[in-house]
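> Mind having a look at this structure? Questions to follow.
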Amino acid sequence: MTQSLSIKHASYNLMLYPLCHKRDELLMHIDCSFLVRSAPHDAPILCIMKRVVRWGFGSYAETLFKTGKESVMSHRAEILQRAHDRAVESGLSYSGAVTPEDAWELLQTLPGARLLDVRSSAELQLVGAVPNALCIEWKTWPGMLPNPHFLAQAEHQLDKEDAVLILCRTGVRSDEAARMLAAHGFSSVYNVLEGFEGERDSLGHRGQLTGWKARDLPWQQG
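Shown next, in the form of structure tokens:
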């Protein structure tokens, strides 16, 4: 038997062989590295756990979740360290900078993490938005004038101890917003690199090469 099975392959095999007399051996070889952090988007994982419990292997289920949780905590620490290293390298006045993928993972695994989208309401409606993100304009459209109430709105809707991940179109306005929040006592502020749309491609279009949309992360049309 393969020494380590991916979660998806494990779920496939568990569904194919629900009566296999070696299912306990199969379970003990599951690689749990993505167990917890991929659970919201990977229904087969839930199927694994239901079958594990149904078969009476409750202790295995506990071991799987414990191993998965430890892996998630370790990977989360790596993400935060990379973010801090970027802050040091770039002389940032806030906690750090994260890639869109790392931002999404922190939103799934870091207690209290919030995504703050600082794009204009027009961008949210016309380009797209991230589900459940807190939206406070840094600049308003038309004219892209600074929002004089940004700080007051952020202080009203966020806890200063929250991990705040800030998103804009390309990472510029979010950097400015991150600097302001950090300067006013927010202790854990991160800029989401590349932004929602990212850089332009050879045709001058955004959202194809880099950014939240191009990375195939959750978003919806406004």
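Reading the sequence shown from the start, the letters are residues 0 to 221 in numbering that gives the first Met the number 0. Cβ coordinates follow ideal geometry from the N, Cα and C atoms, glycine included.
1) Going by C-alpha distance, which of GLY95, LEU109, ARG85 and GLY90 is nearest MET72?
2) Does DSSP put LEU4 in a helix, a strand or coil?
3) Pick out whichever of ASN131, LEU123 and GLY95 has its Cα sitting closest to the Cα of TRP137.
4) Applying the 10 Å Cβ sphere with the 16-neighbour rule, what's the burial state of SER173?
5) Could you tell me which residues DSSP pairs with GLN219 in its beta bridges?
6) Could you tell me which of ARG118, LYS159 and ALA153 sits nearest to PRO141, measuring between CA atoms?
7) By the three-class DSSP mapping on this structure, what secondary structure does SER89 have?
8) Taking the C-alpha atoms as reference points, what is the distance between SER89 and ALA82?
9) Within 10 angstroms of the Cβ of ASP158, are there 16 or more other Cβ atoms? Answer buried if so, exposed if not.
10) Starting from GLN138, follow its DSSP beta bridges and name the residues at the other end.
11) Applying the criterion that 16 or more other CB atoms from any shown protein chain within 10 Å of the CB defines a buried residue, is GLY221 buried or exposed?
12) Would you say the beta carbon of LEU164 comes nearer than 8 Å to a heavy atom of the ligand FAD?
13) Please report the distance separating the alpha-carbon of ASP101 from that of LEU208.
14) Helix, strand or coil for ASP84? Go by DSSP, reduced to three states.
15) So what's VAL35 in DSSP terms, helix, strand or just coil?
16) Pick helix, strand or coil for GLY203, following the three-state DSSP scheme.
17) Looking at the structure shown, is ARG178 part of a helix, part of a strand, or coil, going by DSSP?
18) Do LEU180 and ALA153 have their CB atoms nearer than 9 Å?
19) Taking only the alpha-carbon atoms, compute the straight-line gap between ALA182 and SER92 and give it to the nearest angstrom.
20) Does the Cβ-Cβ distance between ALA162 and ARG113 come in under 9 Å?
21) Quick one: using the 10 Å Cβ neighbour count with 16 as the cut-off for buried, is ASN131 buried or exposed?
22) Based on the DSSP output, what are the partners of LEU114 in its beta bridges?
According to the structure data:
1) On the sequence shown, residue 72 is found 73 positions in, with the first residue counted as 1. Taking only the C-alpha atoms, the option nearest MET72 is LEU109.
2) Looking up residue 4 in the sequence shown gives position 5. Here LEU4 scores only 42 on pLDDT, less than 50, and its place in the model is too uncertain to base an answer on.
3) Numbered from its first residue, the sequence shown carries residue 137 at position 138. The shortest C-alpha separation from TRP137 is found at LEU123.
4) Residue 173 sits at position 174 when you count from the first residue of the sequence shown. It is buried - the Cβ of SER173 has at least 16 other Cβ atoms within 10 Å.
5) On the sequence shown, position 220 is the one that residue 219 refers to. In the DSSP output, where bridge partners are listed per residue, GLN219 has ALA128.
6) In the sequence shown, counting from the first residue as 1, residue 141 sits at position 142. Selected option, being the one with the closest Cα: ARG118.
7) Start at 1 with the first residue of the sequence shown, and residue 89 comes out as number 90. Note: SER89 maps to helix in three-state DSSP.
8) Working through the sequence shown from its first residue, we reach residue 89 at position 90. Working through the sequence shown from its first residue, we reach residue 82 at position 83. In a straight line, the C-alpha of SER89 is about 11 Å away from that of ALA82.
9) Taking the first residue of the sequence shown as position 1, residue 158 is located at position 159. Under this definition ASP158 is an exposed residue.
10) Here residue 138 is taken as the residue at index 139 of the sequence shown, counted from 1. At residue 138 the sequence reads Lys, which differs from the Gln that was named. Partner(s): PRO145.
11) Within the sequence shown, residue 221 is the residue found at index 222, counting from 1. Exposed, by the Cβ-count rule.
12) For the structure depicted, the ligand FAD is absent and the ligand set is empty, with no information on it obtainable.
13) Mapped onto the sequence shown, residue 101 falls at position 102. Mapped onto the sequence shown, residue 208 falls at position 209. C-alpha separation (whole angstroms): 17 Å.
14) On the sequence shown, residue 84 is found 85 positions in, with the first residue counted as 1. Residue state, collapsed to three classes: helix.
15) Taking the sequence shown and counting its residues from 1, the one referred to as residue 35 is at position 36. Low per-residue confidence applies at VAL35: pLDDT is 44, beneath 50, and the placement is therefore not dependable, though the value from the model is reported in the following sentence. Looking at VAL35 - three-state DSSP - the assignment turns out to be coil, as it is neither helix nor strand.
16) On the sequence shown, position 204 is the one that residue 203 refers to. Of the three classes helix, strand and coil, the one that applies to GLY203 here is coil, per DSSP.
17) Mapped onto the sequence shown, residue 178 falls at position 179. In the structure shown, ARG178 sits in a helix (DSSP, three-state: H, G or I).
18) Taking the sequence shown and counting its residues from 1, the one referred to as residue 180 is at position 181. Taking the sequence shown and counting its residues from 1, the one referred to as residue 153 is at position 154. Yes, these two residues count as a Cβ contact at 9 Å.
19) Here residue 182 refers to the residue found at position 183 when the sequence shown is read from its first residue. Here residue 92 refers to the residue found at position 93 when the sequence shown is read from its first residue. Cα to Cα, the separation comes out at about 8 Å.
20) Translated into the one-based positions of the sequence shown, residue 162 becomes position 163. Translated into the one-based positions of the sequence shown, residue 113 becomes position 114. Closer than 9 Å, so yes.
21) The count along the sequence shown starts at 1 and reaches residue 131 at position 132. With fewer than 16 Cβ atoms within 10 Å of its Cβ, ASN131 is classed as exposed.
22) As a position in the sequence shown, residue 114 is number 115, starting the count at 1. Paired residues: LEU164.
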